[in-house]
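One structure below.
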Amino acid sequence: MASKIQTVKGTREFYPEQMFLRNFIYEKVRAASQAFGYQEYDGPFIETIDLYAAKSGEELVKKQSFTFEDRGGDLVTLRPELTPSLARMIAAKQGELTYPVRWWSFGPFWRYEQPQKGRSREFFQWNIDMLGVNSPEADAELIAVGATFLRSVGLDPQRATIYVNNRRLMDSEFDLLGIVPEKRMDVSNLVDRRTKMEPAKWDTYALDLGLDQKQLDGLKDILGNFDLWKKSDELTRLFAALEALGVKEYVKFDPNIMRGLLYYTGTVFEAFETSGSLKRAILGGGRYDNLLADVGGQPLSGVGFAMGDVVAGIILQEAGLLPEFIPTPAAVLVTVFDESMWLKSFELAAQLRNDGFKVMVFPEPAKLQKQFKFADKMKIKIALTVGPDEAANDQVAVKNLVTGEQVTVKREALSDQIRTLIG
RNA sequence: GUGCCUGUAGCUCAACGGCAGAGCGUCGCCCUGUGGAGGCGAAUGUUGUGGGUUCGAAACCCAUCAGGCACCCCA
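Here it is as structure tokens:
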């Protein structure tokens, strides 16, 4: 027991069981993305800090990034998000891409945060974006992709809801209240915090920001008005499109959704689990009109969202929506009867692999009891045994570990026998 | 970056400042050609780490690391 070196704070180790969960999420993410025709891509895992300085939230860049000096003295950052990399990649080939660009990605990200339930410092994130189309209908498509994912993992609309708002609508409402554009950021923060603060404290906080009582009352009216979307042509079209796309039951308008990232300009949305213990966003995104110009490209509008694997994984686990963990891909275990039969077992396994089966051989002669116990724990469905009796007749004992039935078949009939057992 | 809580066997947790334990799991046997159930038995600890107080510390104090909860922020 020499080594007591711990893992880096906020990182996770993926034992086969956790890897199974990660791959499950990845498969569902890929399926939802591909169902809408999106292409998979990825960016570098390390970037210069300048890439994020342009438009990511100040908190994200200054406090939550893993930034360090490389051996050449340059400041590099483990990517905390993908959107700026995407914007640069698009800008670099802006003239030669076929629009609209529909891209998705699933990879690792790092944020220097206090780890807690649903939050780690190293996590995987699904990013999916459409660029080159600026319409509420395009926004609706992205929301539909998110809803498709939720549906595919078994989260029904009672369990998970996507809340939608529109920054332009809110800005015009703020204007009507006489809130100057310079204060929009502060007011956005204020709105973000409303559910987390005592009402009285929130009022005080609002007045401290410089709102007068009339503006505060007006703001409360707006935030309590769940029909406000009817005033917005964009949101009206968005909801019509969502209905046509067959995901309307997953989506609700909520004027309290603002989102912290600076680059959102129109539609914004966040999915929450409605019943569980975890009050964190499953996914979040929106429309960004100016991001590309900020990294040196021609103006190009985009819409997209991100989903972290940590929150999604916990929710699926708590909801009991994960499939049973299969420890090994092997469908067949070949036992080793004794030392004299050892190589016979190897030959048998090799033959079966040639026939396309996934086959594990017990690594040594041991009591058959022990070998069957092993097969049981690994949830292997079929165990094969070649003992002296079988070998003498060119036969193999085939045991179905699910039903407990065992038959002895000729070796040339073995593959067909296994095939019928696997189904 | 802030506040609070926690850290004991592989896991879940006990143990008043006085001999470090239980359940589950693991391994062995019951069972010399066959898993799941049952019975019997066994192994396993620098009590996160480092200091301090004390005759005596898993327990009290300090530091540190990690986890959790709430802020902050967000996937």
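Position in the first sequence (from 1) plus 12 gives the number in our numbering. Cβ coordinates follow ideal geometry from the N, Cα and C atoms, glycine included.
{"Asked": "Cα-Cα separation, Phe281 to Arg34", "Found": "24 Å"}
{"Asked": "Member of Leu433, Leu228, Ala378 and Thr277 whose CA lies at the smallest distance from the CA of Leu188", "Found": "Leu228"}
{"Asked": "Where the alpha helix (DSSP H) containing Asp141 begins and where it ends", "Found": "Per DSSP, Asp141 belongs to no alpha helix (DSSP H); it is in the beta strand (DSSP E), Glu134 to Leu143."}
{"Asked": "Proximity to Glu441 [Cα-Cα], best of Thr23, Thr207 and Pro28", "Found": "As shown, the chain starts at 13 and ends at 435. That puts residue 441 outside it, with no answer to give."}
{"Asked": "The ligand GDP heavy atom lying under 8 Å from the CB of Glu351", "Found": "Among the components modelled here there is no ligand, and therefore nothing to report on the ligand GDP."}
{"Asked": "Whole-Å CB distance - Ile394 paired with Val408, under 8 Å assumed", "Found": "11 Å between Cβ atoms; not a contact."}
{"Asked": "DSSP beta-bridge partners of Gly115", "Found": "According to the sequence displayed, residue 115 carries Trp and not Gly. Gln51 and Asp141, per the DSSP bridge assignment."}
{"Asked": "Same chain, Cβ closer than 6 Å to Gly308, neighbours up to 5 away in sequence not counted", "Found": "Ala103"}
{"Asked": "Limits of the alpha helix (DSSP H) - the one that Ala283 falls within", "Found": "Element bounds for Ala283: not the alpha helix (DSSP H) but the beta strand (DSSP E), Thr279 to Glu285."}
{"Asked": "Runs of beta strand (DSSP E) lying entirely within the segment 345-378, each at least 3 residues, in chain order", "Found": "371-373"}
{"Asked": "Bridge partner(s) assigned by DSSP for Pro120", "Found": "Phe136"}
{"Asked": "Beta-carbon gap between Leu333 and Gly158 smaller than 9 Å", "Found": "no"}
{"Asked": "Backbone secondary structure at Met390 - three-state DSSP", "Found": "coil"}
{"Asked": "Three or more C-beta pairs below 8 Å linking the segment 143-155 and the segment 245-264", "Found": "yes"}
{"Asked": "C-beta contact flag for Pro119 and Phe80 at 9 Å", "Found": "According to the sequence shown, residue 119 is Gly rather than Pro. No, the Cβ-Cβ distance between Gly119 and Phe80 is not below 9 Å."}
{"Asked": "Contact under 9 Å by Cβ, Pro255 with Gly278", "Found": "One point to set straight first is that residue 255 is Glu, not Pro, in the sequence displayed. Result no, Cβ atoms of Glu255 and Gly278 do not sit closer than 9 Å."}
{"Asked": "Within 9 Å, strictly: CB atoms of Gly22 and Arg133", "Found": "yes"}
{"Asked": "Simplified DSSP state of Thr451, which is helix, strand or coil", "Found": "Nothing can be reported for residue 451: it is not among the residues displayed for the chain, which extend from 13 to 435."}
{"Asked": "Residue span of the beta strand (DSSP E) that contains Arg299, given as start and end", "Found": "Ala293 to Tyr300"}
{"Asked": "Host beta strand (DSSP E) of Leu221 (start-end)", "Found": "Counting along the chain, Leu221 falls outside any beta strand (DSSP E), and DSSP gives it neither H nor E."}
{"Asked": "Three-state secondary structure (DSSP) of Thr160", "Found": "helix"}
{"Asked": "Alpha-carbon to alpha-carbon, Glu93 and Arg179", "Found": "21 Å"}
{"Asked": "Nearest-angstrom Cα separation, counted from Trp241 out to Lys264", "Found": "10 Å"}
{"Asked": "Buried versus exposed, by CB contacts within 10 Å (16 or more), Pro7", "Found": "Since the first residue of the chain shown is 13 and the last is 435, residue 7 is not available in this structure."}
{"Asked": "Coil, strand or helix - Ile58 by DSSP", "Found": "strand"}
{"Asked": "Local conformation of Leu87 per DSSP, three classes", "Found": "strand"}
{"Asked": "Residue closest to Leu312, alpha-carbon to alpha-carbon, out of Lys105, Trp122 and Asp82", "Found": "Lys105"}
{"Asked": "Among Met390, Ser184 and Ala172, nearest to Glu261 - alpha-carbon criterion", "Found": "Ala172"}
{"Asked": "Gly309 in three-state terms, based on DSSP", "Found": "coil"}
{"Asked": "Where Gly435 sits in the DSSP three-state scheme", "Found": "coil"}
{"Asked": "Straight-line gap, Val199 to Asp82 (C-alpha atoms, nearest Å)", "Found": "39 Å"}
{"Asked": "Contact under 9 Å by Cβ, Val373 with Leu413", "Found": "no"}
{"Asked": "Cross-strand partners of Asn412 (DSSP beta bridge)", "Found": "Ile394"}
{"Asked": "Lys232, DSSP secondary structure in three states", "Found": "helix"}
{"Asked": "Range covered by the beta strand (DSSP E) that runs through Gln418", "Found": "Gln418 to Lys422"}
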